[in-house]
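For the sequence shown, the residue numbers in the numbering used here are 16 to 455.
All C-beta atoms in this analysis are idealised placements derived from N, C-alpha and C, irrespective of residue type, glycine included.
The next block holds one structure in the form of structure tokens; read it before the comments.
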Amino acid sequence: MLDLNFVRNNLALVEDKIRLRGMDPAEVLGPFRVLDAERRANITTLETAQKRRNELSPKIGALKQVEKKGGLSSDQQKELAVLSEEVAREKAVIEEYEKKVGDVDDKFRAILKGVPNLPHESVPVGKSSDDNVEVRRWGSAPKFDFTPKPHWELGEQLGVLDLERGAKVAGARFAVYWDLGAKLERGLANFMLDLHTREHAYTEVLPPYLVNSESMYGTGQLPKFAADSFRVPHGEKDLWLIPTAEVPVTNLYRDETLDVSRLPVSLTAYTACFRSEAGSYGKDVRGIIRQHQFQKVELVKFVHPDRSYDELEKLTHNAETVLQKLGLHYRVMTLCTADIGFSSAKTYDIEVWLPGQGLFREISSCSNFEAFQARRANIRFRPEGKGKSEFLHTLNGSALAVGRTWVALVENYQQADGTVVIPEALRPYIGTDRIVPRKF
Numbered sequence: 016m017l018d019l020n021f022v023r024n025n026l027a028l029v030e031d032k033i034r035l036r037g038m039d040p041a042e043v044l045g046p047f048r049v050l051d052a053e054r055r056a057n058i059t060t061l062e063t064a065q066k067r068r069n070e071l072s073p074k075i076g077a078l079k080q081v082e083k084k085g086g087l088s089s090d091q092q093k094e095l096a097v098l099s100e101e102v103a104r105e106k107a108v109i110e111e112y113e114k115k116v117g118d119v120d121d122k123f124r125a126i127l128k129g130v131p132n133l134p135h136e137s138v139p140v141g142k143s144s145d146d147n148v149e150v151r152r153w154g155s156a157p158k159f160d161f162t163p164k165p166h167w168e169l170g171e172q173l174g175v176l177d178l179e180r181g182a183k184v185a186g187a188r189f190a191v192y193w194d195l196g197a198k199l200e201r202g203l204a205n206f207m208l209d210l211h212t213r214e215h216a217y218t219e220v221l222p223p224y225l226v227n228s229e230s231m232y233g234t235g236q237l238p239k240f241a242a243d244s245f246r247v248p249h250g251e252k253d254l255w256l257i258p259t260a261e262v263p264v265t266n267l268y269r270d271e272t273l274d275v276s277r278l279p280v281s282l283t284a285y286t287a288c289f290r291s292e293a294g295s296y297g298k299d300v301r302g303i304i305r306q307h308q309f310q311k312v313e314l315v316k317f318v319h320p321d322r323s324y325d326e327l328e329k330l331t332h333n334a335e336t337v338l339q340k341l342g343l344h345y346r347v348m349t350l351c352t353a354d355i356g357f358s359s360a361k362t363y364d365i366e367v368w369l370p371g372q373g374l375f376r377e378i379s380s381c382s383n384f385e386a387f388q389a390r391r392a393n394i395r396f397r398p399e400g401k402g403k404s405e406f407l408h409t410l411n412g413s414a415l416a417v418g419r420t421w422v423a424l425v426e427n428y429q430q431a432d433g434t435v436v437i438p439e440a441l442r443p444y445i446g447t448d449r450i451v452p453r454k455f
């Protein structure tokens, strides 16, 4: 969420930034300008009444002191009555307009719930994903002396991926992994967690897979993206299946104030993730690219505002290291203003090469949310030498989406004989150097 006073005082700038996102400020901000004018008028009336009350109160106090000591003359009694009546009227005006100002502020906050974060000045301006900017590439695409197959064909032929039974058990966009397919998924997760905890100094956490609405609001999923998530009615309050570990891990510090000496806090978590994919009808219907349930290893950072963009670079490189150790060709893209997520101020997408499909595919998004999530979730830090706390900055990124890494490995390491070679870094986790066809 944006700071209300910042939006009021920089409304033209906010409108320009919203336009850069490809959105209409009038639709996003609604009656913000009208409400702002109404609020200013209400505050003027309120402050006038407060000033007049403050002017009259000492006069009344002085007259009451005289009354206590020896009594008031008839003229003084009349004056006290007139002043008291006027103060009562001003008090009623103050109460009325304090409520009016509070009501307008509530309307402001309701509007701000739907206002996206403002793109950082370094984010390229663009109108669609076609305007995303490539930052760098690593490695090179493998060369085959045969036509490489997509993972859904390989998975079925190897007997490690079963989409038919996944659909029978749960429905479309669910999968079953068999034998080394399941072991590859588990091995990848363990490999990633070991890398981030041992080499990148993250602390591993295992959060709940169900969260309350306050947690979903804190990271920006609610109210705007309710349709993209799975809601679980639970007594008087809803619970939600997590769309990403970002939600429970970020909310671990909701309504808390961290000492500045603790920053940055770097956490990693492996969880299942659940998304309804409400807006993706007809997209990626083959294979396991876009599933209702998938697994990810997530990185989350809580950092000092002065260092959040340096930390974004570190987090992105941490995610890249996974692909480098697995020998997978990838590129890093800076998302343009029209393509960054609702809560993000800047995002890098890491896209891995999939030879079976002949394209780069997103495997991680690494974002700096600045104070947007921290303000929604009330996560603060206490600066050194200062008594007043401030909002910290939050960052997160997938490192990596395990299912898509599974896809990349199967497609990039496929062999002419139909087997798939396991890269050396993973062999201790899988217990073999190759996946060969089996039936279950």
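Going by C-alpha distance, which of the options is nearest residue i?
| i | options | result |
| --- | --- | --- |
| Asp145 | Glu70, Asp274, Ala414, Cys351 | Cys351 |
| Lys142 | Glu168, Tyr268, Ile33 | Ile33 |
| Thr272 | Glu405, Ala41, Lys128, Gly418 | Glu405 |
| Leu98 | Lys84, Lys74, Glu113 | Lys74 |
| Asn411 | Ser88, Gln429, Ala334, Arg55 | Ala334 |
| Lys239 | Arg453, Gly129, Ser88 | Gly129 |
| Leu343 | Thr212, Leu369, Phe396, Met207 | Leu369 |
| Asn266 | Leu199, Thr447, Ser281, Ser230 | Ser230 |
| Ala458 | Pro46, Arg269, Ala386, Asp160 | Outside the shown range of the chain, which is 16 to 455, sits residue 458, and nothing can be said about it. |
| Leu208 | Gly433, Ala242, Trp421, Val337 | Val337 |
| Ala77 | Gln92, Thr218, Thr63, Tyr363 | Gln92 |
| Gln372 | Glu168, Gly37, Lys329 | Glu168 |
| Thr218 | Arg180, Tyr285, Tyr232 | Tyr285 |
| Ala414 | Glu426, Glu366, Tyr428, Ile58 | Glu366 |
When the Cα atoms are used, what is the spatial distance from residue i to residue j?
| i | j | result |
| --- | --- | --- |
| Gly170 | Leu19 | 51 Å |
| Arg442 | Asp31 | 52 Å |
| Ala287 | Phe309 | 6 Å |
| Glu149 | Lys115 | 50 Å |
| Phe357 | Asn132 | 6 Å |
| Lys403 | Trp255 | 34 Å |
| Ala197 | Arg449 | 14 Å |
| Glu53 | Arg67 | 21 Å |
| Ala27 | Arg48 | 10 Å |
| Tyr192 | Ala389 | 38 Å |
| Asn25 | His211 | 40 Å |
| Pro452 | Asp243 | 36 Å |
| Arg391 | Pro263 | 14 Å |
Quick one: what's got a C-beta closer than 6 Å to residue i's C-beta in the same chain, skipping five residues either side?
| i | result |
| --- | --- |
| Thr162 | none |
| Thr420 | Leu203 |
Whole-angstrom Cβ separation of residue i and residue j, contact assumed at under 8 Å?
| i | j | result |
| --- | --- | --- |
| Ile304 | Ala190 | About 11 Å; that fails the 8 Å criterion. |
| Leu127 | Val22 | 7 Å |
| Ile378 | Ala423 | 7 Å |
| Leu407 | Phe317 | 5 Å |
| Thr283 | Leu314 | 5 Å |
| Leu35 | Pro134 | 6 Å |
| Tyr363 | Thr331 | 5 Å |
Per DSSP, what kind of secondary structure is residue i in: helix, strand or coil?
| i | result |
| --- | --- |
| Tyr192 | strand |
| Pro157 | coil |
| Ala96 | helix |
| Ser143 | coil |
| Ser137 | coil |
| Tyr285 | strand |
| Tyr428 | coil |
| Ala414 | strand |
| Lys311 | strand |
| Ile355 | coil |
| Ile445 | helix |
| Asp51 | helix |
| Pro248 | strand |
| Thr420 | helix |
| Thr362 | strand |
| Ile58 | helix |
| Ser88 | coil |
Between residue i and the rest of its own chain, which residues show a CB-CB distance below 7 Å, the 5 nearest in sequence each way excluded?
| i | result |
| --- | --- |
| Glu82 | none |
| Tyr324 | Asn383 |
So, at 8 Å on beta carbons, what are the nonlocal neighbours of residue i in its own chain, with the 5 sequence-adjacent residues on each side left out?
| i | result |
| --- | --- |
| Ala5 | No statement about residue 5 is possible, as the shown extent of the chain runs from 16 to 455 and does not include it. |
| Asp253 | Asn227, Ser228, Arg246, Val247 |
| Asp274 | Phe396, Arg397 |
Would residue i count as contacting chain C if we go by Cβ distances under 8 Å?
| i | result |
| --- | --- |
| Val451 | Note that chain C does not occur in the displayed structure, where there is just one protein chain. |
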